[in-house]
Ligand code: SF4
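Residue numbers (my numbering), protein chains in the order written: chain L, 6 to 70; chain F, 2 to 711.
Next comes the structure, spelled out in structure tokens:
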């Protein structure tokens, strides 16, 4: 199990940041990802492996017009 | 040319540090034209823009004043930063009046050239009071210091014709057209309470008048009732430092930095230059936020037919003049050129359609079940040229459609119009009927609150159902975001001072997706900060979009990325550089709060602005119908289990809907308590004398209003 934006979410071995974004259908382009507080840049989404127990923050940066 | 019935000369005041120091007053009943001083008190307490508007309006009206009372005013002001050309989004005008939809002060912001040109003509604010006997237009010549009132019966009514004719009339030649700006409404404003005002700016590349709208709350209806067909200003000579800034080099520096961000980052972020605000249509649908068929659901597989790509590839012209004031590199004002109209009085003609903005595609599209870009553009054109607020029209028509779908009203009661979801031809016919003041169009534009009464009293509809599905608060229709899963946004809409428009707060991602504001106190803090911060744009003459529709590349490193701290600092720096003052970001919030609390007290004075006025329809909070519950059954069942410790397996559908409703209504009550505390209001929503004192707004006239309510 991992945390995604403070809520429990099932983890599976080999899960990358990209997998997580796809599973959660986080399609908004303008986001910030942090894993255990560490910033993950977009180039690393495919290779960054999320570990069981990680705390993931996916901040959507939109505050409306 | 009509007869000139008043000719007035004045010496245009020179602008000093962002203010001309003068405001213009015109009384239409006796054709009186006067100048007033902008006092230091006004600048100190109200800053400018909406602040000045509300202050003048307060003194013009009484608690008994209604939208069509002669003493009601339309007041407009551009604010001390309005008209600078070095930063993006610096030409916004704020307008206030007593609204026909809400009976309280409405405020509406708008781009286009009128406000800045009015200020350069010597006027920080403009009050329009009284009622004319004949249809007139008012022309302000800012270079020669002249105001003329002219009879205007002979001019066309609809905006695209009227603005073009007046622009040509007052410009000396083609090059001079950019120096003329027109404010007008259209035939739809005559027969509805949702008439809006178009503000023109001439597009020299397309050679047409383009428009931005002061849309909300029926300002066009009021202008029409005053028998003013148009306001025209002409000022030649816009240049970078007409505001007499105290420190022009800082403004230049901050401006260059921002323009570089636009150049480097916009195509990677929201693509405002390519598509404008409609960039979010698909995102809203994917995140369950696109209001669909009267906010019943938050998206639809068909939304892809009205995606940004469809508009970009098939309809919108790229790379032309798309800023609504000089210097706006964000340039989000898109349009479709040579668009062929297929219905109504302009069928067969090719026109330029300004838009579609997000609200248009969402409201006139998904919320009406219309997933046809061509139909949306035609609806957009007619709303604009008829002078109808497309947000109120869309939300109101979606309500009518659902009433029809649920058998609450019949086709016969709608004069034969088959207003099913998705029937764009019927929607267009309804617009034409509103414009002509015929058939169902005579009542359809009165707004949801009045329609609920008519449908119940005359058509025998179910009042409870209509209360649940009529998306209005205080009489104003909701703007186009589905928000059932964001408690903070439910409050952001229903507790907004003028009614449910998202310009006070858009917290959906922070709340629902990012989970950054989990507690009532967190939500209340957001519902304090964001409305206060956002109010400030309307005090100084700025557009909000450049604040957060683009963010610096390293914004993610900041403590509060949603606030975009670097851009907030830009605003502080520009304010100080123009005015010579020394505010910081805390003082900026204080400037806003003074006006925010003033407006709340103003609403209390007019009979609204208490707790009873801040309740949303249940459709805003949760699933009204069985179909809505079933559309997200998994989520709602999970919430019953986790939040209420109930077992959905043992409950039938109606029991689950009722339990969900009890819980959500209770959550909303708790949110209200927290927000009222944070804003310094009593449990009944009245600003306390202590709070007013703390922000320097314990003015005797305000205390007199609130004291009987404490
Ligand atoms: S961002 Fe868009 S609405 Fe705002 S000033 Fe620029 S062009 Fe106008």
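Glycine included, every Cβ here is placed at the ideal spot set by N, Cα and C.
Proximal residues to residue i (C-beta, below 7 Å), its chain only, five neighbours per side dropped
{"i": "residue 517 of chain F", "result": "511"}
{"i": "residue 458 of chain F", "result": "none"}
{"i": "residue 354 of chain F", "result": "336, 337, 340, 378, 381 and 382"}
{"i": "residue 419 of chain F", "result": "412 and 427"}
{"i": "residue 203 of chain F", "result": "168, 178, 179, 181 and 210"}
{"i": "residue 316 of chain F", "result": "337, 374 and 378"}
{"i": "residue 591 of chain F", "result": "696"}
{"i": "residue 573 of chain F", "result": "584, 585, 586 and 589"}
Residues of its chain near residue i, where Cβ-Cβ distance is below 6 Å and the 5 sequence neighbours each way are ignored
{"i": "residue 734 of chain F", "result": "The displayed coordinates of chain F run from 2 to 711. Any statement about residue 734 of chain F would go beyond what the structure contains."}
{"i": "residue 414 of chain F", "result": "460"}
{"i": "residue 370 of chain F", "result": "294, 422 and 423"}
{"i": "residue 105 of chain F", "result": "604, 607 and 609"}
{"i": "residue 37 of chain L", "result": "64"}
{"i": "residue 9 of chain L", "result": "61"}
{"i": "residue 276 of chain F", "result": "309 and 313"}
{"i": "residue 52 of chain F", "result": "540 and 596"}
Element boundaries [beta strand (DSSP E), containing residue i]
{"i": "residue 129 of chain F", "result": "126 to 130"}
{"i": "residue 106 of chain F", "result": "106 to 111"}
{"i": "residue 95 of chain F", "result": "94 to 99"}
{"i": "residue 339 of chain F", "result": "336 to 341"}
{"i": "residue 353 of chain F", "result": "351 to 355"}
Check: residue i C-beta below 6 Å from any heavy atom of the ligand SF4
{"i": "residue 466 of chain F", "result": "no"}
First and last residue of the uninterrupted alpha helix (DSSP H) at residue i
{"i": "residue 396 of chain F", "result": "391 to 406"}
{"i": "residue 88 of chain F", "result": "Note, residue 88 of chain F: premise wrong, no alpha helix (DSSP H); not H, not E."}
{"i": "residue 675 of chain F", "result": "654 to 680"}
{"i": "residue 120 of chain F", "result": "115 to 121"}
{"i": "residue 61 of chain L", "result": "Per DSSP, residue 61 of chain L belongs to no alpha helix (DSSP H); it is in the beta strand (DSSP E), 60 to 65."}
{"i": "residue 25 of chain F", "result": "Run containing residue 25 of chain F: none in the alpha helix (DSSP H); it sits in the beta strand (DSSP E), 23 to 28."}
{"i": "residue 567 of chain F", "result": "566 to 580"}
Cα-Cα separation, residue i to residue j
{"i": "residue 391 of chain F", "j": "residue 6 of chain L", "result": "46 Å"}
{"i": "residue 96 of chain F", "j": "residue 401 of chain F", "result": "29 Å"}
{"i": "residue 319 of chain F", "j": "residue 274 of chain F", "result": "9 Å"}
{"i": "residue 617 of chain F", "j": "residue 247 of chain F", "result": "46 Å"}
{"i": "residue 93 of chain F", "j": "residue 581 of chain F", "result": "21 Å"}
{"i": "residue 360 of chain F", "j": "residue 194 of chain F", "result": "19 Å"}
{"i": "residue 476 of chain F", "j": "residue 103 of chain F", "result": "5 Å"}
{"i": "residue 20 of chain L", "j": "residue 51 of chain L", "result": "9 Å"}
{"i": "residue 474 of chain F", "j": "residue 26 of chain L", "result": "36 Å"}
{"i": "residue 529 of chain F", "j": "residue 546 of chain F", "result": "20 Å"}
{"i": "residue 296 of chain F", "j": "residue 649 of chain F", "result": "25 Å"}
{"i": "residue 159 of chain F", "j": "residue 657 of chain F", "result": "50 Å"}
{"i": "residue 578 of chain F", "j": "residue 533 of chain F", "result": "22 Å"}
{"i": "residue 41 of chain F", "j": "residue 49 of chain F", "result": "11 Å"}
{"i": "residue 437 of chain F", "j": "residue 44 of chain F", "result": "44 Å"}
{"i": "residue 145 of chain F", "j": "residue 120 of chain F", "result": "14 Å"}
{"i": "residue 19 of chain F", "j": "residue 519 of chain F", "result": "41 Å"}
{"i": "residue 348 of chain F", "j": "residue 42 of chain L", "result": "59 Å"}
{"i": "residue 283 of chain F", "j": "residue 135 of chain F", "result": "48 Å"}
{"i": "residue 571 of chain F", "j": "residue 255 of chain F", "result": "6 Å"}
{"i": "residue 225 of chain F", "j": "residue 82 of chain F", "result": "30 Å"}
{"i": "residue 291 of chain F", "j": "residue 395 of chain F", "result": "13 Å"}
{"i": "residue 285 of chain F", "j": "residue 365 of chain F", "result": "15 Å"}
{"i": "residue 634 of chain F", "j": "residue 661 of chain F", "result": "11 Å"}
Closer than 8 Å at the beta carbon, the chain L residues around residue i
{"i": "residue 516 of chain F", "result": "10, 11 and 12"}
{"i": "residue 519 of chain F", "result": "11"}
Within chain F, the residues that residue i reaches when beta carbons sit closer than 7 Å
{"i": "residue 37 of chain L", "result": "557 and 562"}
{"i": "residue 30 of chain L", "result": "287"}
Listed by chain order, chain L residues near residue i by CB distance under 7 Å
{"i": "residue 552 of chain F", "result": "66"}
Listed by chain order, chain L residues near residue i by CB distance under 9 Å
{"i": "residue 271 of chain F", "result": "34, 35 and 67"}
Sequence-distant residues of its chain with Cβ nearer than 8 Å to residue i (five each side left out)
{"i": "residue 523 of chain F", "result": "517"}
query: Can you pull every residue whose C-beta falls closer than 5 Å to some heavy atom of the ligand HEM, listed in chain order?
result: Absence of the ligand HEM is noted for the structure shown, with the ligand SF4 being the only ligands found.
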